[in-house]
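Going by the working numbering, the first residue of the first sequence is number 7, and it counts up by one from there.
C-beta atoms are modelled at their ideal positions from N, C-alpha and C, and glycine is treated no differently.
Right, one structure below, let's go through it.
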Amino acid sequence: MNERKTLEERAQMTDLERLRHSCAHVMATAILRLWPNAQFAYGPPVENGFYYDFDLKEHRITPDDFEKIEAEMRKIAKENQRFERIVISREEARAMAESGRLGGLADRPGNPSRFKIDLIDKIPEGEEISCFKNGEFIDLCAGPHVGYTSKCKNVKLMAVSASFYMGDESKGQLQRVYGTAFESKEELAQHLVQLEEAKKRDHRRLGKELKLFHIDEDVGQGLILWTPNGAVIRHELQTFISEELRKQGYNQVFTPHIGKLALYKTSGHFPYYKESQFGAIVENEAMQACADAGCTCAEIMQRLDALSGKLRQQINDRVGSEVIPESRVLPDDKLLDGFMLKPMNCPHHIKIFDSQPRSYRDLPVRLAEFGTVYRWEQSGELNGMTRVRGFTQDDAHLFCTEDQVAAEVLGCLSLVKVVLNTLGMNDYRVRVGLRDLDSSKFTGDPEKWDKAEDACRQAAATLGVPFTEEPGEAAFYGPKIDFVIKDVIGREWQLGTVQVDYVLPVRFDLSYVGPDNRPHRPVMIHRAPFGSMERFCGVLIEHFAGHFPAWLAPEQVRILTVSEKSEVFARDIAAQLQAAGIRYTLNADADKIGAKIRNAQLDKIPYMLVLGEKEAASGAVAVRHSKRGDLGVTPAAEFIANLVAEVKERRL
RNA sequence: GCCGAAGUAGCUCAGGGGUAGAGCAACGCAUUCGUAAUGCGUAGGUCGUGGGUUCGAUUCCCACCUUCGGCUCCA
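Encoded structure:
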């Protein structure tokens with residue numbers, strides 16, 4: 007990520023990026039005034055601000071230092087230094103860097119600007135080398151910058167963290183200070199308010215407050231426990247998605263959470279993705295036999311990784327090349343088979359497809375499952391519901407003829423569109439991952455690729471949402487379409503993907519009988535349009551900020567009695583809601599009505615029924631909506647009928 | 001996995017070498033109230049876990065676990 011941007015890319019910097027880039031220089035100037043030995047490395051603008059990486063041994067920056075640094079930055083802004091572009095020769099640049107002058111305030115003998123030296127060496131021969139000077143600070147920099155430092159006054163430092171030079175751990179660890187900056191004070195203030203908003207919407211916080219899910223250390227990190235409230239939401243979503251799947255001719259299946267290692271050797275997932283899978287599960291007897299034979303741990307691992315000569319031969323024959331080297335083969339009596347927690351559902355679904363002969367008349371076969379998979383994500387990556395180690399994909403695998411690919415991809419996309427529309431998530435984009443023509447990473451017949459890529463491209467175009475084509479982003483076995491959702495705060499989340507696959511049908515030797523009465527190879531489409539229920543719910547929680555529409559809300563109605571005098575009536579209304587299948591609770595506590603309303607509001611219950619003596623007398627309910635406020639008095643039957651319709655239609 | 005920060009009551013947080021404190025929540029009593037907080041009272045903690053230093057550790061030191069922010073990664 008720390009690659010030098012090309013000059014062209016730099017020229018495309020927006021005004022805001024240019025400002026933030028200049029702010030990075032101002033921050034470096036300020037930090038150098040405070041700690042003259044700092045060695046600056048790389049300081050670009052980023053999505054929400056900027057950062058600068060630097061090495062500083064004698065002091066570890068903490069948020070307590072921000073005030074001091076910001077004060078110095080404000081001073082520099084006041085000094086209104088001009089940003090001056092200076093073109094120098096490679097030799098001059100090196101000399102300046104050697105003396106510690108680049109990325110420094112003055113010559114620093116014995117303190118050469120080592121990162122800058124490296125950066126100079128990385129600049130291609132013949133390319134112009136430029137510096138930018140503001141006041142006493144000179145930095146190696148291609149620019150561009152704003153004219154004067156006075157522009158850089160609406161700045162705030164946000165965070166400090168560790169980073170590596172060029173992302174390379176071996177180069178030693180640097181300190182990184184993040185900041186943000188805007189043209190105006192108002193925009194900065196607004197950004198900070200937005201960040202506060204984002205914090206309030208954080209699904210981890212709301213998940214706790216609204217009791218939607220729980221992660222327990224004793225169960226394991228990255229493993230979601232869906233508590234009753236969250237389970238209601240997930241169940242409603244799954245019901246909804248299932249209904250849409252039925253409309254589109256999918257068949258639902260169920261498969262177990264584990265499968266034999268050999269299955270994943272056939273698919274090619276094991277041991278290729280071993281790093282991100284849970285370890286093998288081996289039967290006690292087999293383990294004991296290994297122990298009796300005096301196997302070391304390494305030998306056991308080797309026996310697990312290996313496969314039989316027969317399987318190797320089969321797969322190599324099917325693929326038509328030496329995808330599995332001789333070195334992975336062990337004699338059958340040395341092989342150790344075990345089970346794996348499934349990291350994906352496709353092999354199981356493939357086996358269902360392959361469990362009976364298929365005719366072209368049967369195609370496409372669409373097998374859907376809310377399939378739970380397990381992946382060994384790195385511990386530092388885990389995050390609430392959005393990055394976990396066990397999750398349930400809204401998965402399906404479509405087996406079709408080559409001619410059907412385009413229509414099937416289109417079908418997948420229209421499903422996504424229906425669901426996202428229903429949830430009011432209209433701000434999303436589509437990324438079409440194509441192969442990189444220059445790369446050997448992508449296997450298979452170029453003609454098929456062209457056809458599939460074309461199908462994806464055309465399908466994406468019909469969605470009526472922005473899409474980008476990204477060469478090199480395809481899976482190695484086929485092109486794919488990814489959905490990137492933007493939430494209300496503007497953050498992007500990658501959810502599902504649709505992938506066309508020509509490889510697995512080969513590895514599993516899948517076939518169907520064509521009209522010519524001969525076997526043909528089907529094409530597979532993998533699709534998990536929402537990625538996982540976990541991530542999708544996490545995004546959904548933030549999308550709605552916890553204010554779920556009635557059809558999804560764990561508690562749809564809360565009945566609030568004004569006093570004991572209306573309790574009998576309240577119980578009657580409760581019975582009616584129960585009969586109508588509404589999820590409700592009754593709050594007949596001794597609290598005052600204001601307190602009950604406040605609590606229901608905090609619990610983000612969509613509908614509150616305020617029931618006092620007046621309502622009891624007329625058989626009506628006073629309705630309050632958590633977002634729309636007091637809706638006035640309605641006959642109870644009418645309220646219930648409306649709510650039932652609202653839920654049934656999944657209104658927002 | 002790497003770097004940094006943090007972990008004290010259900011939640012949000014204060015404190016600090018002499019075995020803990022607030023607000024909210026919970027529970028009890030009183031109050032029966034009309035659209036975002038009624039009052040009083042009670043209970044609740046091996047101060048993340050395990051070691052070490054010490055007469056004594058929640059506080060200091062070490063290791064580990066978990067969380068957060070980044071980095072790297074994401075079939």
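For residue i, the first and last residue of its enclosing beta strand (DSSP E)
i, result
"Met-307", "Counting along the chain, Met-307 falls outside any beta strand (DSSP E), though it belongs to the alpha helix (DSSP H) covering 303 to 311."
"Leu-373", "371 to 380"
"Asn-140", "135 to 140"
"Leu-659", "Here the chain comprises residues numbered 7 to 658, so residue 659 is not present and cannot be evaluated."
"Lys-316", "Taken as a continuous stretch (DSSP letters only), Lys-316 belongs to no beta strand (DSSP E), being part of the alpha helix (DSSP H) at 315 to 325."
Nearest-angstrom Cα separation, counted from residue j out to residue i
i, j, result
"Ala-467", "Leu-510", "27 Å"
"Pro-2", "Ala-101", "One cannot answer for residue 2 here, as it falls past the ends of the chain, which runs 7 to 658."
"Ile-321", "Leu-419", "33 Å"
"Lys-486", "Gly-478", "11 Å"
"His-526", "Glu-459", "21 Å"
"Phe-536", "Leu-416", "16 Å"
"Glu-281", "Phe-345", "16 Å"
"Arg-24", "Asn-140", "15 Å"
"Arg-309", "Ser-385", "28 Å"
"Ile-129", "Ala-44", "23 Å"
"Phe-397", "Glu-540", "6 Å"
"Leu-440", "Ser-517", "26 Å"
"Lys-598", "Leu-566", "10 Å"
"Gly-285", "Ala-295", "19 Å"
"Ile-92", "Cys-29", "19 Å"
"Arg-10", "Tyr-48", "Because the pLDDT of Arg-10 is 42, which lies under 50, any placement of that residue in the model is unreliable, and the question is left without a value."
"Gly-132", "Cys-147", "16 Å"
"Met-19", "Pro-150", "8 Å"
Residue i - partner residues in DSSP beta bridges
i, result
"His-27", "Looking at the DSSP assignment, His-27 forms no beta bridge with any residue, so it has no partner."
"Arg-88", "Tyr-154"
"Tyr-57", "Tyr-184"
"His-263", "In the DSSP output, where bridge partners are listed per residue, His-263 has none listed."
"His-526", "Tyr-518"
"Val-627", "Thr-640"
"Ile-287", "Phe-345"
"Ser-167", "Arg-182"
Collapsed DSSP secondary structure at residue i in the structure displayed
i, result
"Leu-194", "helix"
"Trp-232", "strand"
"Val-568", "coil"
"Leu-125", "helix"
"Arg-10", "Its pLDDT being 42, under 50, Arg-10 is placed unreliably by the model, and the measurement read from it follows with that caveat. Reduced to three states, the DSSP call for Arg-10 is coil."
"Thr-468", "helix"
"Thr-640", "strand"
"Ser-119", "coil"
"Arg-437", "strand"
"Gly-396", "strand"
"Asp-145", "strand"
"Gln-500", "strand"
"Met-431", "coil"
"Phe-405", "strand"
Bounding residues of the alpha helix (DSSP H) (the contiguous stretch that carries residue i)
i, result
"Asn-605", "599 to 608"
"Ala-412", "411 to 428"
"Ile-531", "It is not in any alpha helix (DSSP H) - Ile-531 instead sits in the beta strand (DSSP E) that spans 529 to 534."
"Ile-491", "Looking at the DSSP string, Ile-491 is not in any alpha helix (DSSP H); the run it does join, the beta strand (DSSP E), is 486 to 492."
"Asn-593", "Element bounds for Asn-593: not the alpha helix (DSSP H) but the beta strand (DSSP E), 590 to 593."
"Cys-296", "290 to 298"
"Val-512", "510 to 513"
"Cys-352", "352 to 359"
"Leu-583", "573 to 585"
"Val-545", "539 to 550"
"Ala-740", "The structure shown does not extend to residue 740, since the chain spans only 7 to 658, so no value can be given for it."
"Glu-215", "209 to 215"
C-beta atoms of residue i and residue j nearer than 9 Å
i, j, result
"Tyr-58", "Arg-182", "yes"
"Lys-348", "Val-379", "yes"
"Glu-619", "Ser-569", "yes"
"Val-438", "Cys-406", "no"
"Val-52", "Tyr-184", "yes"
"Asn-86", "Thr-155", "yes"
"Leu-404", "Met-530", "yes"
"Leu-615", "Val-629", "yes"
"Val-563", "Leu-546", "no"
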